[in-house]
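Trainee:
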Amino acid sequence: MRGFESKVLTSSGVVKAAPGRVSAISLAAGTDAATVILDDSTDGNGTDKWKLAALTGDGDSISFPEPLLFGVGIYATITGAAPAVSVAYE
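In terms of the working numbering, the sequence shown opens at residue 1433 and continues consecutively.
Next comes the structure, spelled out in structure tokens:
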């Protein structure tokens, strides 16, 4: 049985190095404002699919009714000091 996995990142990096789907993403900002951009690539140079932003000490999240499709891979570009990003993916 297939199911979604989750990954927590504190800096930019690959979530999945193959095609996949994202069902949810959350961002918790640290000591300053933070952003996360998910793009369809394995190196951060693909098509941007979703962006979240949060002010210092705040957060944001979304669960998609239909998962976002990524044809190449799932890469998260993260800015800010000490943020945490959680991604639910398959």
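Glycine included, C-beta positions come from ideal geometry on N, C-alpha and C.
Got a sec, what are the start and stop residues for the beta strand (DSSP E) D1475 sits in?
Mentor: Looking at the DSSP string, D1475 is not in any beta strand (DSSP E), and its letter there is neither H nor E.
Trainee: Give me, in chain order, the residues of the same chain whose beta-carbon lies closer than 6 Å to that of A1514; leave out the 5 immediate sequence neighbours on both sides.
Mentor: Answer for A1514: G1462 and T1463, listed in chain order.
Trainee: According to DSSP, is L1487 part of a helix, a strand, or is it coil?
Mentor: In this structure, L1487 counts as coil in the three-state DSSP scheme.
Trainee: S1493 and L1459: beta carbons closer than 8 Å?
Mentor: Yes, they are a contact pair.
Trainee: Whole angstroms is fine: what's the gap from T1488's alpha carbon to A1508's?
Mentor: About 19 Å.
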